[in-house]
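K.L.:
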């Protein structure tokens, strides 16, 4: 071939080669983008592959011309492949040794490579769908383990119990449970099994069912834990259950518990402050064959509340790596706002604070919480807690009446004290922060000759008994001081306390 002919041919092929590269690049980009679909978009990917092939065919169509009709054949072959009329380019094109053959071979290699990518994408999507189905089934099993509404029996008024599950993105199976062993004995359970699969969820349900069964058979808490541990270990020690199991005597407030691998609980005494309840933590159920579990015992009084949580809550970290279960959890529980919440609201409050602490929902692996409040007062000491609004004065009066009568004190001996407390409550309602509560605690001496009454409210450290001459409450303050044998005001960090002592005549 003469030099002039080679230059002429090169001049014709150069733009064609450039356009061919652009065509193949477009196909490659489209296919690569299509192979990263969102869930359920496989059909769209196939459509994008077809569109890419059609685009290549269109570019090739633009290259038609000259004496050689090979580009027309290649264009037709690509269009047939895009329409699923053929699986491969014909050998007469890929077997050619000229530029058309090289282009056909490149298109064929690209198609084979992208077919492999598409197959891998389909397999990956199928695996993800299967994993989602398994997790959904495991979560449904965990939801089935949550307790039903407790029966409405007289002892039900002696306590309040609430639980909350935050699913998160973790791989643990977790649950809470509460049920009556008998009408006067409540059981609460908080448990977590590492691993979020169906097998782990079923293991968790077996453990829960065994705990219920053993306790209702009359076994002690220590015997129950040992029996459950043996049974779960025999199932295979690849699984274990971190659990805190406790019983509450609803009449006397006797609280007995065993901690098998669960987080240390927090205890609030008489609506004061939450403190960590230090106690032995034994091996999780099913981990070791022979474990000797020993129970711990507390005596709850009216207003005592215990807070249980799983490791998922304690391990949430902020940007600096500080775990929420350190000081922050206790600090949030001890805020004045949390003291005015019921059990369900308190759990939601803590969950929201924890999620803000970690700052990202992807860091939340999920957790479970449970809170138990003992409400029954005894004859010598009891309290009531009401919103700081005047319309709740009648509830305070009824509480005092019951407390005096339970101690054998008739009305003519406590009428003065009831009026004093009513006036103090009215003063507190005037000074208390909006939406806060007032707690009135009444203690009666064993000989029924002295009454000690404490009124606690959020008063901002200001003594409501301090009034000026122009203050409309001056007469009420004078009456209180004249009729109380002893009265003091003590400001607190969050709540302030007025103490009134009266000697009964």
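In this note's numbering, the protein residues as written are 47 to 551.
Cβ atoms here follow ideal geometry from the backbone N, Cα and C, with glycine treated the same way.
If you count every other CB in all the chains shown that lies within 10 Å of the CB of residue 410, and 16 or more means buried, which is it?
P.N.:
The residue labelled residue 410 in the question sits at position 364 within the chain shown. It is buried - the Cβ of residue 410 has at least 16 other Cβ atoms within 10 Å.
K.L.:
How about residue 488 and residue 449: do their beta carbons lie closer than 7 Å?
P.N.:
Within the chain shown, residue 488 is the residue found at index 442, counting from 1. Within the chain shown, residue 449 is the residue found at index 403, counting from 1. Result yes, Cβ atoms of residue 488 and residue 449 sit closer than 7 Å.
K.L.:
Can you give me the start and stop residues for the alpha helix (DSSP H) that residue 435 sits inside?
P.N.:
Translated into the one-based positions of the chain shown, residue 435 becomes position 389. It is not in any alpha helix (DSSP H) - residue 435 carries neither H nor E in the DSSP assignment.
K.L.:
Is it true that the CB of residue 235 sits closer than 7 Å to the CB of residue 223?
P.N.:
The count along the chain shown starts at 1 and reaches residue 223 at position 177. The count along the chain shown starts at 1 and reaches residue 235 at position 189. Closer than 7 Å, so yes.
K.L.:
Suppose contacts are defined by Cβ-Cβ distances below 7 Å. Is residue 305 in contact with residue 238 by that definition?
P.N.:
As a working note, residue 305 is residue 259 in the chain shown. As a working note, residue 238 is residue 192 in the chain shown. Contact flag unset, no.
K.L.:
What do you get for residue 205, buried or exposed, if any count of 16 or more other CB atoms within 10 angstroms of its CB means buried?
P.N.:
Here the question's residue 205 lines up with position 159 in the chain shown. The residue in question, residue 205, is buried, as its Cβ has 16 or more Cβ neighbours within 10 Å.
K.L.:
For residue 268 and residue 207, what's the separation of their Cα atoms in angstroms?
P.N.:
The residue given as residue 268 occupies position 222 in the chain shown. The residue given as residue 207 occupies position 161 in the chain shown. If I take the Cα positions, the gap works out to 23 Å.
K.L.:
Leaving out five residues on either side along the sequence, give the residues of the same chain with a beta carbon under 8 Å from the beta carbon of residue 330.
P.N.:
Locating residue 330 in the chain shown gives position 284, counting from the first residue. Only 286, 287, 288, 289, 306 and 307 meet the Cβ criterion.
K.L.:
What number of angstroms, rounded off, separates the C-alpha of residue 127 from the C-alpha of residue 134?
P.N.:
Reading the chain shown from its first residue, position 81 is the one you call residue 127. Reading the chain shown from its first residue, position 88 is the one you call residue 134. The straight-line gap from Cα to Cα measures roughly 7 Å.
K.L.:
Looking at C-alpha atoms only, which residue of 521, 137 and 291 is the closest neighbour of residue 275?
P.N.:
The count along the chain shown starts at 1 and reaches residue 275 at position 229. The candidate whose alpha carbon is nearest that of residue 275 is 291.
K.L.:
Looking only at C-alpha atoms, which of 282, 375 and 508 sits nearest to residue 364?
P.N.:
Translated into positions along the chain shown, residue 364 becomes position 318. For the residues 282, 375 and 508, the minimum Cα distance to residue 364 belongs to 375.
K.L.:
Could you check whether the stretch 390 to 402 touches the stretch 323 to 338, counting it as contact only if at least three pairs of C-beta atoms, one from each stretch, sit closer than 8 Å?
P.N.:
No contact exists between the stretch 390 to 402 and the stretch 323 to 338.
K.L.:
Within the continuous alpha helix (DSSP H) that includes residue 339, where are the two ends?
P.N.:
The residue you call residue 339 lines up with position 293 of the chain shown. Element bounds for residue 339: n/a, residue is neither H nor E.
K.L.:
Can you tell me whether residue 521 is helix, strand or coil according to DSSP?
P.N.:
One-based indexing of the chain shown puts residue 521 at position 475. The answer is helix: DSSP assigns residue 521 an H, G or I state.
K.L.:
Out of 279, 248 and 225, state which residue places its alpha-carbon closest to the alpha-carbon of residue 261.
P.N.:
Indexing the chain shown from 1 puts residue 261 at position 215. When only C-alpha atoms are compared, the closest one is 225.
K.L.:
Per DSSP, what kind of secondary structure is residue 234 in: helix, strand or coil?
P.N.:
Counting from 1 along the chain shown, the entry for residue 234 is found at position 188. Looking at residue 234 - three-state DSSP - the assignment turns out to be strand.
K.L.:
Comparing alpha-carbon positions, which option in 368, 303, 190 and 463 lies nearest residue 490?
P.N.:
Here residue 490 corresponds to residue number 444 of the chain shown, with the count starting at 1. The shortest Cα separation from residue 490 among 368, 303, 190 and 463 belongs to 463.
K.L.:
To test your reading of the DSSP string, which unbroken beta strand (DSSP E) runs of 3 or more residues are found completely within the stretch 395 to 423?
P.N.:
List check, beta strand (DSSP E) in window: 413 to 420.
K.L.:
Excluding sequence positions up to five away, which residues of its chain have a Cβ less than 8 Å from the Cβ of residue 110?
P.N.:
Counting from 1 along the chain shown, the entry for residue 110 is found at position 64. Because the pLDDT at residue 110 is just 46, under 50, the model does not fix this residue reliably, and the point stays unresolved.
K.L.:
In angstroms, rounded to a whole number, what distance separates the CA positions of residue 466 and residue 501?
P.N.:
As a working mapping, residue 466 is identified with position 420 in the chain shown. As a working mapping, residue 501 is identified with position 455 in the chain shown. Cα-Cα distance, rounded: 11 Å.
K.L.:
Taking buried to mean at least 16 other C-beta atoms within 10 Å of its own C-beta, is residue 169 buried or exposed?
P.N.:
Here residue 169 refers to the residue found at position 123 when the chain shown is read from its first residue. Exposed.
K.L.:
Straight-line CA distance for residue 543 to residue 503?
P.N.:
As a first step, residue 543 must be located in the chain shown, where it is residue number 497. As a first step, residue 503 must be located in the chain shown, where it is residue number 457. One C-alpha to the other measures close to 7 Å.
K.L.:
Helix, strand or coil: how does DSSP classify residue 536 here?
P.N.:
As a position in the chain shown, residue 536 is number 490, starting the count at 1. Here residue 536 sits in strand by DSSP.
K.L.:
Name, in chain order, the residues that DSSP records as bridge partners for residue 548.
P.N.:
Residue mapping note: residue 548 aligns to position 502 of the chain shown, counting from 1. 497, per the DSSP bridge assignment.
K.L.:
Could you give the distance in angstroms between the alpha-carbon of residue 271 and the alpha-carbon of residue 231?
P.N.:
Numbered from its first residue, the chain shown carries residue 271 at position 225. Numbered from its first residue, the chain shown carries residue 231 at position 185. Distance between the alpha carbons of residue 271 and residue 231: 17 Å.
K.L.:
Bridge partners of residue 226, per DSSP?
P.N.:
For the purposes of this step, residue 226 is taken as residue 180 along the chain shown, with counting starting at 1. 232.
K.L.:
Give a yes or no on whether the C-beta atoms belonging to residue 523 and residue 486 are separated by under 7 Å.
P.N.:
Numbered from its first residue, the chain shown carries residue 523 at position 477. Numbered from its first residue, the chain shown carries residue 486 at position 440. Cβ distance not < 7 Å, so residue 523 and residue 486 don't count as in contact.
K.L.:
Would you kindly report the start and end of the unbroken beta strand (DSSP E) that includes residue 353?
P.N.:
Against the chain shown, residue 353 aligns to sequence position 307. Taken as a continuous stretch (DSSP letters only), the beta strand (DSSP E) holding residue 353 covers 351 to 355.
K.L.:
Quick check: what's the CA-CA separation for residue 624 versus residue 477?
P.N.:
No answer is possible for residue 624: the residues shown for the chain start at 47 and end at 551.
K.L.:
Name the DSSP bridge partner or partners of residue 485?
P.N.:
Here residue 485 refers to the residue found at position 439 when the chain shown is read from its first residue. Residue 485 pairs with 431 and 502.
K.L.:
In the DSSP output, what is residue 304 paired with across the bridge?
P.N.:
Within the chain shown, residue 304 is the residue found at index 258, counting from 1. Looking at the DSSP assignment, residue 304 forms a beta bridge with 291.
K.L.:
Touching or not, the stretch 373 to 390 and the stretch 240 to 254, by the rule of three or more beta carbon pairs under 8 Å?
P.N.:
With the cut-off at 8 Å, the stretch 373 to 390 and the stretch 240 to 254 do not touch.
K.L.:
DSSP state of residue 316, grouped into three classes?
P.N.:
If you number the chain shown from 1, residue 316 lands on position 270. Coil at residue 316, not helix or strand.
K.L.:
State the DSSP-derived secondary structure class of residue 131, mapped to helix, strand or coil.
P.N.:
Your numbering for residue 131 matches position 85 in the chain shown. Residue state, collapsed to three classes: coil.
K.L.:
Output the boundary residues of the alpha helix (DSSP H) element that contains residue 278.
P.N.:
Mapped onto the chain shown, residue 278 falls at position 232. 267 to 280 is the span of the alpha helix (DSSP H), which, as asked, contains residue 278.
K.L.:
Cutting at 7 Å between CB atoms, please list the residues of its own chain near residue 395, excluding the five before and the five after it.
P.N.:
Start at 1 with the first residue of the chain shown, and residue 395 comes out as number 349. So the list reads 384 and 387, once near-sequence residues are dropped.
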